[in-house]
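Residue numbers (the working numbering), protein chains in the order written: chain A, 157 to 286; chain B, 11 to 428.
C-beta atoms are modelled at their ideal positions from N, C-alpha and C, and glycine is treated no differently.
Here is the structure we will look at, set down as structure tokens.
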Amino acid sequence: MKHNKLPYLGAWLIGLSQSFSFNATAADYTGGQLSNPKITAAGVVVPDGARLLASQCFQCHGTDGKSTTGIDSLAGESQAELINEMREMKAKTKADLMHYQAKAYTDAQIQLIAAYFASVSGGGTSHHDD
Amino acid sequence: MNDISRRKFLKTLGLSLGATALPISFAKAALRPRVIVVGGGFAGATAAKYLRLWSNNTVDVTLVEPNAVYYSPILSNLVLSGQKQLSQLGFKYDTLAQKYGITVTRSTVNSINSANRTVKLANGKTLGYERLILAPGIQFKAIPGLDETKILHAWQSGNQVQQLRQQIQAIPNSGTYVLSIPKAPYRCPPGPYERACVIADYLKRNKLGAKVIVLDGNPDITVERDTFNAAFTSTYAGIVEYVPNTILQSVDSAKKVAITSFGDYRADVLNVIPPHQAGGIVLNSGLANSSTGDWANVNPLSYESTAVKGIHIIGDSQGTGQPKAGHIANAEAKVCADAVLRLLSGSQPFAAPMTNSACYSPISATTASWLTAAFAYDPASQTMQLVPASYGASSGASTSNYRKMFEWANSLFGDTFA
């Protein structure tokens, strides 16, 4: 199995360098620690620190974003969709718990968090469809 | 390639690429790194779980906890009002042991030898560690005359909550329940006000003419002021009397009298939440080095003690100024676990951690409110700072929040104990 997948490593490493420019602002935020990225399922680049930032969502959205309650799962959502949702929530003024939480995060942090959840294979008993 | 084998493979790849230093430097050590976690509440259980999960089981984790079952203080006020059974809030450590391979040792730590990096347990064993994480929660400061067997705090859940439930059920019509709240910081900021509300709701429905008197050591309701003030003055008008700035000086435990800076309050049920400080092992090991001597100062990037190297303190005992509560204890534990794994591999903790707090409070048998905040590391002050825009509360209490409260709690329980 491993041998079948190894040729893709090169492609991922190219993708990795491309993604770094996309995450240029994140580099500042993480103290320049982006030298330690992870590449996981679906070939998404997960920069250093992304897992820890994303893990702050697990208390409500389940470990690795796989919800076991009626709260939405985040695992396997696309990075773009998660970023859009967080940006929408940041802009809202209605008293909603997630609207406040979203306001805590910079766009750079949101990109890191979204990259992590996009890298996790979907799962959980609850799924978010919109 | 099926999903499972791909995930497994990619996980390995992710480890070898992403955490290059991890297996290599671990391999240099003669033994696998050992981390001891002391205390199996929200902070300790989360740390133990994520140390195993995020190291891909390459670190040995021992959780030292005296109790076979942890009873969650979260939702425990619903036991007082009869809407939950205490057993529904109990969590065993079997899942953490079996699913994550954590060694669970039922004992307590008597002493720490930080030079040799060993702990001595009450069961006589000595355990060595590369990193030690202390999560002992809180202990209470003494109040003159307070006999804990008669005057309950019910602030660490478990048996005292069950006993307070029985005391409340026995309140006569026109009886009085008196609650003493300590000065902040105390565990679970909205908790005492929430307790006053659910007990008022119970008395309103079951005990004609009975009253709740809230003696608050603080100058005002500390959090969710609008919600709790509306509950006290409207929903429970004529039932709840709120008295701010009331410092408890002593207690007559036999006669159930609270002697305060504002005079004496006689109760049918007196419920005293004494002022808190860090757990005994933190105090006794010279780690409670905050200005008041009550809490452990830590580096919030790793939760490592500023007094002793190699020892980390998370949850209610630490003194970063973040709230003392289960949800954020889980958050701190993840920051600590991630940092400990990096430190074990010879690298530095993540430089910009975030944590968050969220909690729902029952206001009646059918309604609840919520409060939330996020904290960000501030490199200038080297502290965790509240992100002002993230601090908010529900506009009052609602039935939909009551339903969401259980989803929030069950999710948190799952992320911590399962």
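Chain A residues whose Cβ lies nearer than 8 angstroms to that of residue i
i, result
"lysine 344 of chain B", "Leu208, Ser211, Gln212, Phe214"
"histidine 337 of chain B", "Gln215"
"tyrosine 401 of chain B", "Tyr256"
"glycine 155 of chain B", "Chain A residues near glycine 155 of chain B: none, gap ~40 angstroms exceeds 8 angstroms."
"serine 421 of chain B", "Gln215, Cys216, His217, Gly218, Ser223, Thr224, Thr225, Ile227"
"glycine 424 of chain B", "Gly218, Thr219, Thr224, Thr225"
"alanine 386 of chain B", "Ala260"
"leucine 397 of chain B", "The question names leucine, but residue 397 of chain B is valine in the sequence shown. The answer, in chain order, is Lys259, Ala260."
Outcome for residue i when other beta-carbon atoms lying within 10 angstroms are tallied against a minimum of 16
i, result
"phenylalanine 101 of chain B", "buried"
"arginine 215 of chain B", "exposed"
"glutamine 189 of chain A", "Low per-residue confidence applies at glutamine 189 of chain A: pLDDT is 36, beneath 50, and the placement is therefore not dependable, though the value from the model is reported in the following sentence. Glutamine 189 of chain A should be labelled buried."
"glutamine 173 of chain B", "exposed"
"serine 410 of chain B", "exposed"
"lysine 248 of chain A", "exposed"
"asparagine 87 of chain B", "buried"
"aspartate 236 of chain B", "exposed"
"glutamine 332 of chain B", "buried"
"arginine 62 of chain B", "buried"
"aspartate 348 of chain B", "buried"
"leucine 311 of chain B", "buried"
"glutamine 235 of chain A", "buried"
"aspartate 104 of chain B", "exposed"
"alanine 274 of chain A", "buried"
"isoleucine 14 of chain B", "Bear in mind that a pLDDT of 39 at isoleucine 14 of chain B, under 50, signals an unreliable position, so the number given afterwards is only what the model happens to contain. By the 10 Å Cβ count, isoleucine 14 of chain B comes out exposed."
"glutamine 287 of chain B", "buried"
"glutamate 244 of chain A", "exposed"
"leucine 218 of chain B", "exposed"
"aspartate 204 of chain A", "buried"
"alanine 247 of chain B", "exposed"
"asparagine 183 of chain B", "exposed"
"leucine 6 of chain B", "Lying before the first or after the last residue shown, residue 6 of chain B is absent from chain B, which here runs from 11 to 428."
Which residues DSSP lists as bridging residue i, in chain order
i, result
"serine 315 of chain B", "B:Val308"
"glutamine 395 of chain B", "B:Ala386"
"arginine 44 of chain B", "B:Asp70"
"glutamine 265 of chain A", "Looking at the DSSP assignment, glutamine 265 of chain A forms no beta bridge with any residue, so it has no partner."
"leucine 61 of chain B", "Note: leucine 61 of chain B sits in no beta bridge, so no partner."
"histidine 286 of chain B", "B:Phe150"
"cysteine 369 of chain B", "B:Leu381"
"tyrosine 187 of chain B", "B:Val222, B:Val279"
"glutamine 358 of chain B", "Answer by DSSP bridge pairing: none, since glutamine 358 of chain B is not bridged."
"methionine 245 of chain A", "Its beta-bridge partners do not exist; DSSP assigns none."
"valine 261 of chain B", "B:Ala268"
"valine 250 of chain B", "B:Val222"
Proximity to residue i [Cα-Cα], best of the options
i, options, result
"lysine 59 of chain B", "B:Asn340, B:Val267, B:Thr365", "B:Asn340"
"asparagine 240 of chain A", "A:His217, A:Ala258, A:Ala251", "A:Ala258"
"alanine 220 of chain B", "B:Gly227, B:Asp211, B:Asn228", "B:Asp211"
"threonine 136 of chain B", "B:Leu144, B:Arg127, B:Ile143", "B:Arg127"
"cysteine 216 of chain A", "B:Gln166, B:Ala428, B:Ser421, B:Gly402", "B:Ser421"
"serine 271 of chain B", "B:Asp262, B:Ile283, B:Leu258", "B:Leu258"
"asparagine 239 of chain B", "B:Gly424, B:Asn120, B:Asn309, B:Glu204", "B:Glu204"
"leucine 213 of chain B", "B:Ile181, B:Cys198, B:Val397, B:Leu225", "B:Ile181"
"isoleucine 76 of chain B", "B:Gln95, B:Ala57, B:Asn120", "The sequence shown places proline at residue 76 of chain B, not isoleucine. Minimum Cα distance to proline 76 of chain B is reached at B:Asn120."
"leucine 396 of chain B", "A:Ala270, A:Lys222, A:Ala260, A:Ala271", "A:Ala260"
"isoleucine 209 of chain B", "B:Thr56, B:Arg197, B:Ile223, B:Cys198", "B:Ile223"
"threonine 382 of chain B", "B:Val250, B:Val233, B:Arg352, B:Ala268", "B:Val233"
"threonine 365 of chain B", "B:Ser400, B:Ala264, B:Ala378, B:Ile373", "B:Ser400"
"threonine 113 of chain B", "B:Ile46, B:Ala125, B:Ala386, B:Ile122", "B:Ile46"
Proximal residues of chain B, C-beta to C-beta of residue i below 9 angstroms
i, result
"glycine 205 of chain A", "Asp348, Phe360, Ala361, Ala362, Pro363"
Contact list for residue i against chain A, beta-carbon separation under 7 angstroms
i, result
"glutamate 417 of chain B", "Thr225, Gly226, Ile227"
"serine 404 of chain B", "Ala251"
"aspartate 340 of chain B", "The question names aspartate, but residue 340 of chain B is asparagine in the sequence shown. Simply Gln215."
Where residue i meets chain B, residues with beta-carbon distance less than 7 angstroms
i, result
"leucine 253 of chain A", "Ala368, Trp380, Thr382"
"alanine 274 of chain A", "What alanine 274 of chain A touches in chain B: nothing, since even the nearest Cβ is about 14 angstroms away."
"lysine 248 of chain A", "Ordered by position in chain B, no residue passes the 7 angstroms Cβ test against lysine 248 of chain A, which lies about 11 angstroms from the chain."
Partner residues on chain A for residue i, Cβ-Cβ distance less than 9 angstroms
i, result
"valine 171 of chain B", "What valine 171 of chain B touches in chain A: nothing, since even the nearest Cβ is about 23 angstroms away."
Cβ of residue i within 7 angstroms of any chain C Cβ
i, result
"alanine 57 of chain B", "Given the protein chain composition of this structure (A and B), no chain C is represented."
Residue i: CB within 6 angstroms of a non-hydrogen atom of the ligand ZN
i, result
"leucine 88 of chain B", "Looking at this structure, you won't find the ligand ZN or any other ligand, since it has none at all."
Are there three or more Cβ pairs, one per stretch, closer than 8 angstroms when the region 50-68 of chain B is compared with the region 319-334 of chain B?
-> Verdict: yes, contact present.
Could you say if the region 149-161 of chain B and the region 55-75 of chain B meet the contact criterion of at least three C-beta pairs nearer than 8 angstroms?
-> Result no; under three Cβ-Cβ pairs closer than 8 angstroms.
So, do the region 208-217 of chain A and the region 253-270 of chain A have three or more beta carbon pairs nearer to each other than 8 angstroms?
-> The answer is yes - the region 253-270 of chain A touches the region 208-217 of chain A, with three or more Cβ pairs under 8 angstroms.
Using 8 angstroms as the threshold, is the region 386-401 of chain B in touch with the region 106-114 of chain B, meaning 3 or more CB pairs across them?
-> With the cut-off at 8 angstroms, the region 386-401 of chain B and the region 106-114 of chain B do not touch.
Specify whether the region 263-279 of chain B and the region 142-153 of chain B touch according to this definition: at least 3 beta carbon pairs, one from each stretch, less than 8 angstroms apart.
-> Contact annotation: the region 263-279 of chain B does not touch the region 142-153 of chain B, with fewer than three C-beta pairs closer than 8 angstroms.
Inspect the CB distances between the region 399-414 of chain B and the region 246-258 of chain B and report whether three or more fall short of 8 angstroms.
-> The region 246-258 of chain B and the region 399-414 of chain B do not touch, with fewer than three beta-carbon pairs separated by less than 8 angstroms.
Does the region 294-303 of chain B come close enough to the region 173-190 of chain B that 3 or more CB-CB pairs lie under 8 angstroms?
-> Of all C-beta pairs linking the region 173-190 of chain B to the region 294-303 of chain B, fewer than three are shorter than 8 angstroms, placing the two stretches out of contact.
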